[in-house]
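For reference, the structure discussed in these notes is given below.
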Amino acid sequence: MVDASALRKDFPVLERVVHGRHLVYLDSAATSQKPRMVLDAMHRYYEESNSNVHRGVHALAEEATEAYESARGKVARFVGADPRGVVFTKNATEAFNLLAYSFARHRLGEGDILLSTEMEHHANLVPWQVVQPEAGYELRYVPVTPDGELDREAFDEIVATGRVKLFTVTAMSNVVGTINPVAELGAAVRAANEDAIVVVDGAQSVPHLPTDMLALGADALCFSGHKMLGPTGVGVLAATPELLESMPPFLSGGEMITNVTLEGATFNEVPYKFEAGTPPIGEVIGLGAAVDYLDRVGMEGIRRHEVALLESCLPALESVAGLTVHGPSDPARRGAAVSFSISGLHPHDIGTMMDREGVAVRAGHHCAKPLVRSLGSAATTRASFYLYNTPDEIDALVAAIEVTKRFFDV
5 MVDASALRKD FPVLERVVHG RHLVYLDSAA TSQKPRMVLD AMHRYYEESN
55 SNVHRGVHAL AEEATEAYES ARGKVARFVG ADPRGVVFTK NATEAFNLLA
105 YSFARHRLGE GDILLSTEME HHANLVPWQV VQPEAGYELR YVPVTPDGEL
155 DREAFDEIVA TGRVKLFTVT AMSNVVGTIN PVAELGAAVR AANEDAIVVV
205 DGAQSVPHLP TDMLALGADA LCFSGHKMLG PTGVGVLAAT PELLESMPPF
255 LSGGEMITNV TLEGATFNEV PYKFEAGTPP IGEVIGLGAA VDYLDRVGME
305 GIRRHEVALL ESCLPALESV AGLTVHGPSD PARRGAAVSF SISGLHPHDI
355 GTMMDREGVA VRAGHHCAKP LVRSLGSAAT TRASFYLYNT PDEIDALVAA
405 IEVTKRFFDV
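Structure representation (structure tokens):
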């Protein structure tokens, strides 16, 4: 089991006092805090080895390139990917855009179905919608049941057409926490159409669950560094090299070429074909350090720790009068993002009052408007936990909710 109290010492921001109270940070689903190990790795690069990568032959350039490519190897091992298939992007959103513009726009057309779900983050909805008019494929969505699960009957009906060419799904919902059976769903899609590819949104799952692309049956996996203890400004598209090789470049310019003439250009091998210009070197190095930290703590232990927190948190929240918890009630079937509603209170009012109590939660639609609407609301309040959260912070969460209810007299 993770010793969260000991780990907290590695995260400087958790020492802060906010509004006269010790910070209780419960917004890791939006962005996680960063351990000193990550901050130090980035500082060391900028202080000792700051240089561009893949270009210079001097010592600093070679050190920077080695650190950058070492991070690629760490990320690949962390998610069970081939390093040749690990493309560094700005964030998970850019990774989805890369797939939409370089795969869906060129490889899907009339008669094909791109199947997504109503559970998706906007990053895994909007890029496919923007490309659809040009490509001509049909967009279909798997509905979500009242208990926060995907509607398997509706899924099976769409898949049975044999026309699903691309299936994209979140492995873990950022709103209701549902852990989807990605491997099972992907296998069903491929059984009906052997040419289909499976794209997985791992933005929430990769930071919290052991991840293996082969076990998931994923052709592509998108995730962000800042949700897994790394810095902002770096994301990952992990895909099979064969898939990347079949796709044209998304961005063009320096580094992603092997030769340029005034008549045209020839492109670099993967993954460099998709990394145009100077990459986020310091951020990638920071992400590599975040992977080292997560490996040291152990992903299995992190998962057990979060399940234990959920086993305390869910009943505690459900005992609050007028409060509704959204998503699966079984901690084993969900991640540590817990959305809730309180009768008679707007989520923004809840979030503002809880901040005054030193408790940082998220209020809004969480960039998943279709899903939140399916819950019968325009917004929810979300508390999300990570490896550094402790049981006493659940008590602080519930106490802040009770203070909020008394303030608004509900």
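Oh and the sequence shown: position 229 is 233 in our numbering, straight run, nothing missing.
Positions of the beta carbon are idealized from the N, C-alpha and C atoms, including for glycine.
Source: prediction; values computed, not measured.
With a 10 Å radius around its C-beta and 16 neighbouring C-beta atoms as the bar for buried, classify residue i as buried or exposed.
i	result
Lys231	buried
Arg76	buried
Ala191	exposed
Asp396	exposed
Gly1	Given a span of 5 to 414 for the chain in the structure shown, any question on residue 1 remains unanswerable.
His62	exposed
Glu287	buried
Gln37	buried
Leu102	buried
Arg377	exposed
Ser388	buried
Lys416	Only positions 5 to 414 of the chain appear in this structure, which leaves residue 416 out of reach.
Glu98	buried
Thr165	exposed
Asp7	exposed
His26	exposed
Pro283	buried
Compute the Euclidean distance between the alpha carbons of residue i and residue j, then round it to the nearest angstrom.
i	j	result
Leu170	Gly268	31 Å
His212	Glu188	20 Å
Asp205	Phe82	16 Å
Leu391	Met176	17 Å
Asp334	Val311	9 Å
Ala34	Arg366	8 Å
Pro147	Thr121	6 Å
Val193	Tyr50	46 Å
Pro185	Thr69	38 Å
Thr328	Leu225	32 Å
Thr172	Val135	15 Å
Val304	Pro214	Checking the sequence, you will find Glu at residue 304 rather than Val. One C-alpha to the other measures close to 6 Å.
Leu248	Ala372	28 Å
Glu275	Ala294	Rather than Glu, the amino acid found at residue 275 in this sequence is Pro. If you take the alpha carbons of Pro275 and Ala294, they lie about 21 Å apart.
Ala108	Met251	10 Å
Ala325	Pro351	16 Å
Met5	Asp31	22 Å
Ala383	Gly368	4 Å
Ala280	Thr262	12 Å
His23	Ala404	13 Å
Val210	Val407	34 Å
Pro39	Glu114	48 Å
Gly302	Leu314	19 Å
Ala242	Phe100	11 Å
Ala10	Ile162	49 Å
Pro137	Ala196	25 Å
Please determine, among the options, the residue with the shortest C-alpha to C-alpha distance to residue i.
i	options	result
Glu289	Gln37, Ser323, Val42, Leu27	Checking the displayed sequence, the identity of residue 289 turns out to be Ile instead of Glu. Selected option, being the one with the closest Cα: Val42.
Thr174	Thr282, Leu375, Ile398	Leu375
Asp116	Asn95, Thr97, Leu143	Leu143
Ala336	Pro39, Glu161, Arg12, Gly181	Gly181
Gly331	Val324, Gly339, Ala80	Gly339
Gly221	Ile261, Pro245, Arg300, Ile201	Ile201
Val238	Thr93, Lys13, His110, Pro214	Thr93
Arg410	Asp399, Gly60, Ile354	Ile354
Trp132	Gly152, Tyr105, Pro150, Ala158	Tyr105
Val168	Thr356, Tyr29, Glu198	Glu198
Gly292	Pro16, Val240, Pro319	Val240
Gly362	Val28, Arg386, Ser316, Gly229	Val28
Asn272	Phe15, Lys13, Arg88, Val17	Arg88
Ala219	Ala364, Met46, Ala85	Ala85
Ala127	Ser381, Val414, Asn56, His370	His370
Tyr297	Lys78, Tyr72, Leu18, Val21	Lys78
For residue i, name the three-state secondary structure that DSSP assigns.
i	result
Val193	helix
Thr174	strand
Arg25	strand
Asn272	coil
Ser86	One detail in the question is off: residue 86 reads as Asp in this sequence, not Ser. If DSSP states are grouped into helix, strand and coil, Asp86 belongs with coil.
Ser106	helix
Val264	strand
Ala200	coil
Ser9	helix
Leu241	strand
Thr215	coil
Phe227	strand
Phe100	helix
Phe92	strand
Asp413	coil
Tell me, please, whether the CB atom of residue i is closer than 8 Å to any CB atom in chain D?
i	result
Ile162	Protein chains in the displayed structure number just one, and chain D is not present.
(message) List, from N- to C-terminal side, the alpha helix (DSSP H) runs of 4 residues or more that fit wholly inside the stretch 24–76.
(response) 40–48
(message) I'd like the ranges of any alpha helix (DSSP H) spanning at least 4 consecutive residues and lying wholly in the stretch 111–186.
(response) 130–139, 156–163
(message) At 4 residues or longer, what runs of the alpha helix (DSSP H) sit wholly inside the stretch 333–393?
(response) 351–360, 373–378
(message) Going residue by residue through the stretch 270–331, where are the continuous alpha helix (DSSP H) segments of at least 4 residues, counting only ones entirely within it?
(response) Listed in chain order, the complete alpha helix (DSSP H) runs (minimum 4 residues) inside the stretch 270–331 are 285–301, 303–322.
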